[in-house]
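4 protein chains.
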Amino acid sequence: MIVILKEHPDRTQLDGLLQWLKDRQIDVHPTVGAHQTILGLIGDTSRIDIDLISALDIVEEVKRVQEPYKDANRKFHPEDTVIRVGDAVIGGGSLALIAGPCSVESEEQIIGIAKAVKESGASILRGGAFKPRTSPYAFQGMEVEGIRLLLKAKEATGLPVCTEIMDVSQLPLFEDIDILQVGARNMQNFSLLKALGRTRKPILIKRGMSATYQDLLMSAEYVLAGGNPNVILCERGIRTFETYTRNTLDLSSIPSLKTLSHLPVIIDPSHATGRSALVPSMSCAAAAAGADGLIIEVHNDPPHAKCDGPQSITPAAFGKLAGDLRKIREALKGGGYR
Amino acid sequence: MIVILKEHPDRTQLDGLLQWLKDRQIDVHPTVGAHQTILGLIGDTSRIDIDLISALDIVEEVKRVQEPYKDANRKFHPEDTVIRVGDAVIGGGSLALIAGPCSVESEEQIIGIAKAVKESGASILRGGAFKPRTSPYAFQGMEVEGIRLLLKAKEATGLPVCTEIMDVSQLPLFEDIDILQVGARNMQNFSLLKALGRTRKPILIKRGMSATYQDLLMSAEYVLAGGNPNVILCERGIRTFETYTRNTLDLSSIPSLKTLSHLPVIIDPSHATGRSALVPSMSCAAAAAGADGLIIEVHNDPPHAKCDGPQSITPAAFGKLAGDLRKIREALKGGGYR
Amino acid sequence: MIVILKEHPDRTQLDGLLQWLKDRQIDVHPTVGAHQTILGLIGDTSRIDIDLISALDIVEEVKRVQEPYKDANRKFHPEDTVIRVGDAVIGGGSLALIAGPCSVESEEQIIGIAKAVKESGASILRGGAFKPRTSPYAFQGMEVEGIRLLLKAKEATGLPVCTEIMDVSQLPLFEDIDILQVGARNMQNFSLLKALGRTRKPILIKRGMSATYQDLLMSAEYVLAGGNPNVILCERGIRTFETYTRNTLDLSSIPSLKTLSHLPVIIDPSHATGRSALVPSMSCAAAAAGADGLIIEVHNDPPHAKCDGPQSITPAAFGKLAGDLRKIREALKGGGYR
Amino acid sequence: MIVILKEHPDRTQLDGLLQWLKDRQIDVHPTVGAHQTILGLIGDTSRIDIDLISALDIVEEVKRVQEPYKDANRKFHPEDTVIRVGDAVIGGGSLALIAGPCSVESEEQIIGIAKAVKESGASILRGGAFKPRTSPYAFQGMEVEGIRLLLKAKEATGLPVCTEIMDVSQLPLFEDIDILQVGARNMQNFSLLKALGRTRKPILIKRGMSATYQDLLMSAEYVLAGGNPNVILCERGIRTFETYTRNTLDLSSIPSLKTLSHLPVIIDPSHATGRSALVPSMSCAAAAAGADGLIIEVHNDPPHAKCDGPQSITPAAFGKLAGDLRKIREALKGGGYR
């Protein structure tokens, strides 16, 4: 951590700061210039509250050198985290395909889609039971009944299931769910993250619409610091000024997050683009960039989906896409840029 | 609502759509051009799920004409909503000052600040008990004890109190709190919004860092649709590429939200800018632009605040500022641009 | 175009508007609702100034249905534009590799790199002579001498050359340059675009840091409308709140721009990410998503490059990357999502 | 400047860097930690190319401590820059009102508006002759004839005039223009900035839509470094995800830019919001926040303006607004937050 002091800092305040740092086992190395003094802090600064120092009258600016996350940091955990649920593997060089409808709508629908996507190579089934919707008047999901139907589809196909949890109070309902998803709008719902840190379930955290990589990793850190090592990071588009796509899919997140962290990184091209026509090309791009997986909305009848129809692809399109993804990974075998 | 059809739409699908709309009491007026057909939909389209129509193969694009919120819409509620808590009034032309520390830290601190800000003209006390912090290692607030101390300060000064609720499960703790705040990171925590809609407490909703005015009004709609009419909107800066300020304070939100909605609009210059030096000028700007109130961080000893010290001003600075704000509103009396 | 009228529009003003539209051969189809009247305009609205109508007292909002660009619009030009310079082909399914240093620094440097990248499969040489630099104190390029050395490298290798033009007055110097690049900061330098529209040179237009797809296509339209059909679109990252990468590379631009327009779309992963470590994976992603080409910074000695060293890769890394790109395109042959 | 080295840096490379810095009269103070070494650089680093250092293999990151601009920096020029044109004063505590139509349309129009705004207290006339328009099919301004009419209005009223220059080649036409405006889209047209640095005219630089404060100040630095000290900074809204307003007006720029720089800061609420209804409240806000001036679009007949009608206010509205602005500044006299 670097502390840049204002010109002519008050001596008493400065001494107070130096003592405070010493008490925390931080070594201070000053660089004194004509106009400016810089303090280099050495030690474990990850647990120091940067705001406490910034607020001092004598301080012009504080800059972090070390990342503020530790358990999520590749520097301290060089090996890839690999998460196994049932037969599925996420992380460590494989490409996991998570597929299914935006919302569970009926037993027939969810089992039908589950069978179709399994056939095409998906290893995990997704489907929304509790749906975060911008409008209170929009369909909010089948809720508890949706969870029940998802578990039926799991039974019918053997696929592990992934679905979104919206509130701490829902946790008991998710006992048999394999992967719990934290939605983009809840990425900084710290009450929820803390509760999930107390479980040992795989937690798929979606990047918030205005979250930096560091913000996402800090949310992961909440879960990890709670003792749950099973975190999957998911890029699903960030909010920018561009309105043609629903959000802007940030594929640089793949190599960036994998450099900064050991956690698996998957991509959600469906929510990111909001347009089914863009899903196949963005999926191929993600596979080529080294993603650990994809989460794709597949619906048997997109025009009549109860939500997010415009971004769903059909099982047939998913089948063709899965083939292309395999070819890309095959072509890059032995190479790759991770 | 406007539906723009693709060229040469399939006749059967089009008939299906027309029937579906008719079933929902929507009148359809087609405009047929050489290359394009446009359907104008007339009726109550606020409860129609735009995604259902967008997903159809025959549809190129759907554009809303009418706003998707109803209870929050000034068109249907032309009169300003005015919220009264104790002696404080929010809305309807007054300028409510909500002031206090980022975090409650001790009985002495919170009562001391409460007295000081009351003296200077604040009508509501703020103070964080549950703190949403980006890092799991940062101070998370005094929690239940913080609530207790806030209520002591209320008792000591008669000021109503405002503090943040982070999770549905905390609701019982907030029984004596006057205004419940929903933080920016929870603006789309729909479980929480629904629960708050079942209370009759004033709810102060902070705009999310990447929320549009419409998103914010839709979150308000969740509370209003639940039967709770007491919603206060709060602008606290949006996330942009500029890094000198913590966020970018969007003061155009004041006249814009007040045009779109009847709900009171208050401004949080402390969190928006993250720099105490900018708080006074941005507060004056908000007052001049017609804000219904300000929520300002005031700390007796900013450099030693347990969080957000860099953005807190002292009680003395708050006193001077409150005087300037009164002068601005006095100067604009009889005028104003609301 | 859709015109949404305010409630109870003034009759005289409305008649004035209807007549004005009639004079411009626009047919008007009104949809009259209880609270709102909508006018559907049919005809060639691409040359109607939307602001003229929006400003009317009786108008609440105007929404475009038809795109405001015509010559760049795929609807009117369904066939891919294919641009040929020397032996290089851009557009129509091939993957053109444009490579070279950020800045031309010496004859030895530029000829050396040109030979190396040609060897590895680049079909066009890039190199900056006039450099747009944020700081007036940074190296501004070799200017005229840089152009001369680029042409020497062209002579030595047979590669066509691409370099940036910053001002109309420089045009005579670019007579022998094969592709003229308009930088992101000049994307809306309309004086420059008009001048380039009067040439017949291929013009590579970089997307501005805050330009939408439509903005970029409107800038292309300036060149096309001038009579020059040879425009190449280039995505090079947009400005967002994320700071780990220099900009956020928006790969959805590939399928999106190719849907909206017939012009070739190439990707610049070097400027977008600002980090050489991310260039290979983002290049592979672009190739998998169907880009028509890549423009990549290659420098024989990145640490000593006179500008943008952190984002340049070595000739050896480029050679390996070019091989991987070929494998990806080979793998997707016959498929593809364009 | 702070250089953060990677773990175990190569000794030879490090020695090379240290020598290179020494040659540039930069003192280096190392801070050696267990995992990390930080170099503190002391001396005039404003002219050091940060990219040259970042590109080194041994360097993890470089952070600036000192601002990269010098002539625009308040640290080195503590006194406010005050610019005088005719009777108008910009900077140093006054509030200059620059008003006029978006475009000059006729002699009658421009003289009529000039007289009206002078009457209401404007001290400078604005009016576009060369108009940067997104569409090649939109009205591009009266060009040379527009300049001639502006000068006629200057003659008729005595008001100095301000208008936009789009290209270096237009410079001779602007000989009698008092303030030359650089548009947001040209803020990083460095060829133009350099040319304007060779004049001694006041240059009003509009902040680009995605420009940080630092970017804007670096563009100012181009003019100042050329020897022209007369630069006015203008905030006109930045591009964000919010679409209700054309851009997001960033009023924190007023106290921020005035802290960082000695140059005057003015606000353009018309282009920022794109809605005339928001102009008065945002103007009042800017005045309350300490702006040195406002540039406001005023049109005698907004619905028939040839461009940007939706954001223009009438002379009558401007008159009332000017009165309110005076009252606000009067109310804050002796106080203020600059």
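From first to last, the protein sequence lines are chains A, B, C and D. To get my numbering, take the position in the first sequence, counting from 1, and add 1267. To get my numbering, take the position in the second sequence, counting from 1, and add 1267. To get my numbering, take the position in the third sequence, counting from 1, and add 1267. To get my numbering, take the position in the fourth sequence, counting from 1, and add 1267. Don't be surprised by glycine CBs; every beta carbon is placed ideally from N, CA and C.
Going by C-alpha positions, residue 1439 (chain D) is about 27 Å away from residue 1338 (chain D). In this structure residue 1329 (chain D) is not in contact with residue 1411 (chain D), their Cβ atoms being roughly 48 Å apart against a cut-off of 8 Å. Taking the beta carbon of residue 1298 (chain B) as reference, the chain C residues within 7 Å of it are 1296, 1307, 1309, listed in sequence order. Secondary structure at residue 1528 (chain C): strand, using DSSP grouped into helix, strand and coil. Per DSSP, the beta-bridge partners of residue 1430 (chain A) are A:1447. Fully contained in the region 1275 to 1362 of chain C are the following alpha helix (DSSP H) runs of length 4 or more, in chain order: 1278 to 1290, 1317 to 1321. Per the coordinates, the alpha-carbon of residue 1512 (chain B) lies some 24 Å from the alpha-carbon of residue 1450 (chain D).
Any Cβ of chain C closer than 8 Å to the Cβ of residue 1316 (chain D) would place that residue at the interface, and such an atom is present.
The contact set of residue 1549 (chain C) on chain A, defined by CB atoms closer than 8 Å, consists of 1518, 1519, 1522, 1556 in chain order. Taking residue 1564 (chain C) as reference, the option from C:1576, C:1343, C:1469 with the minimal CA-CA separation is C:1576. Under the three-state reduction of DSSP output, residue 1541 (chain C) falls in the coil class, being neither helix nor strand. In the DSSP annotation of this structure, residue 1518 (chain A) is not part of any beta strand (DSSP E), being labelled neither H nor E. Under the Cβ criterion of 8 Å, residue 1503 (chain D) is not counted among the residues facing chain A. DSSP places residue 1560 (chain B) in the uninterrupted beta strand (DSSP E) bounded by 1560 to 1564. Flagged as an interface residue toward chain D: residue 1511 (chain B), by a C-beta distance shorter than 8 Å. Using a Cβ-Cβ cut-off of 7 Å, residue 1508 (chain B) is close to 1477, 1479 of chain D, given in chain order.
Assignment of beta-bridge partners to residue 1500 (chain D) by DSSP yields D:1472, D:1532. Here residue 1371 (chain D) has 1377, 1394, 1395, 1396, 1409, 1413, 1416, 1417 as same chain residues with Cβ atoms under 7 Å from its own Cβ, once five neighbours each way along the sequence are excluded.
Around the C-beta of residue 1318 (chain B), 16 or more other C-beta atoms lie within 10 Å, and the residue is accordingly described as buried. For residue 1570 (chain D) and residue 1454 (chain D), the gap between their C-alpha atoms comes out near 30 Å. For residue 1270 (chain B), none of the residues of chain C pass the 8 Å Cβ criterion, the least Cβ distance being about 11 Å. The three-state reading of DSSP puts residue 1589 (chain D) in helix, counting H, G and I together. Residue C:1306 holds the alpha-carbon nearest to the alpha-carbon of residue 1332 (chain C) among C:1326, C:1322, C:1346, C:1306.
The continuous beta strand (DSSP E) containing residue 1392 (chain D) extends over residues 1391 to 1393. An exposed status is given to residue 1343 (chain A), since fewer than 16 other beta-carbon atoms sit within 10 Å of its beta-carbon.
Looking only at C:1479, C:1324, C:1566, C:1580, the smallest Cα-Cα distance to residue 1274 (chain C) is reached by C:1324. D:1578 is the residue among D:1459, D:1578, D:1363, D:1384 whose C-alpha sits nearest the C-alpha of residue 1514 (chain D). Under the Cβ criterion (8 Å, minimum of three pairs), the region 1516 to 1525 of chain C counts as touching the region 1546 to 1553 of chain A. Within chain B, the residues whose beta carbon sits less than 9 Å from that of residue 1433 (chain A) are 1456, 1457, 1458, listed in sequence order. For the 8 Å CB-CB criterion, residue 1368 (chain C) and residue 1391 (chain C) do not form a contact. When DSSP states are grouped into helix, strand and coil, residue 1486 (chain D) belongs to the helix group. According to the DSSP secondary-structure assignment, residue 1272 (chain A) is paired through a beta bridge with A:1304, A:1326.
DSSP places residue 1367 (chain D) within a strand segment (E or B) once states are collapsed to three. Residue 1487 (chain D) and residue 1313 (chain D) have their C-alpha atoms spaced approximately 15 Å apart. Counting along the chain, residue 1457 (chain D) sits inside the alpha helix (DSSP H) bounded by residues 1457 to 1464.
Excluding sequence positions up to five before and after residue 1595 (chain B), its CB lies within less than 7 Å of the CB of 1551, 1554, 1555, all in the same chain and listed in chain order.
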